[in-house]
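J.: Just passing along the structure, written as structure tokens.
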Amino acid sequence: MSLNLYLSLSLSLSFDLSLSLSFDLSLSFDLSLNLYLSLYLSFDLSLNLYLSLSLSFDLSLSLYSSLSLSLSFDLSLSLYSSLSLSLSFDLSLSLYSSLSLSLSFDLSLSLYLSLYSSFTRKPYNTKSPWPS
């Protein structure tokens with residue numbers, strides 16, 4: 048008896064794994080802030096004061112004879128366009144043969160006052176000078 052056993056086994060296993068992962072992230076952020084403020088203030092004040100005082104006093108006495116006396120007094124005070132004071136005093140005495148008396152008094156006062164005030168305010172400018 049003859050027995051032939053022939054066994055053939057073929058096993059083929061194929062396994063293919065492919066993994067592809069792609070990740071793309073793009074983030075963009077843009078912030079632009081333009082602020083423009085303009086403030087204009089102007090204040091002008093002008094004060095001019097002018098005071099002038101003039102005082103004059105004259106006395107003259109004469110007695111026709113041989114005595115003669117003359118006195119002169121002048122006072123002037125000025126504070127550059129603010130205050131001006133002028134005082135003049137003259138006394139003259141003469142002794143001859145007759146008597147004469149002369150008295151003169153002058154007072155002059157002038158006052159000049161001017162006040163100028165100006166206030167200017169320019170409002171805020173909210174318009175931007177830069178191109179948007």
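Okay, so the sequence shown: first residue is 48 according to the working numbering, each after it adds one. Ideal Cβ positions, reconstructed from N, Cα and C, are used throughout, including at glycine. Predicted model, so just to flag it, every value in this text is computed and none were measured.
Specify the secondary structure class of S79 as computed by DSSP and reduced to three states.
T.: Start at 1 with the first residue of the sequence shown, and residue 79 comes out as number 32. Coil, per DSSP.
J.: Run through DSSP, which three-state label would L182 get?
T.: A question about residue 182 goes unanswered here, because the residues of the chain that appear run from 48 up to 179.
J.: In three-state DSSP terms, what is S164?
T.: Within the sequence shown, numbered from 1, the residue matching residue 164 stands at position 117. S164: strand per DSSP, three-state reduction.
J.: Only counting the same chain, and skipping five residues up and downstream in sequence, which positions put a Cβ closer than 6 Å to that of S164?
T.: Locating residue 164 in the sequence shown gives position 117, counting from the first residue. The answer, listed in chain order, is L92.
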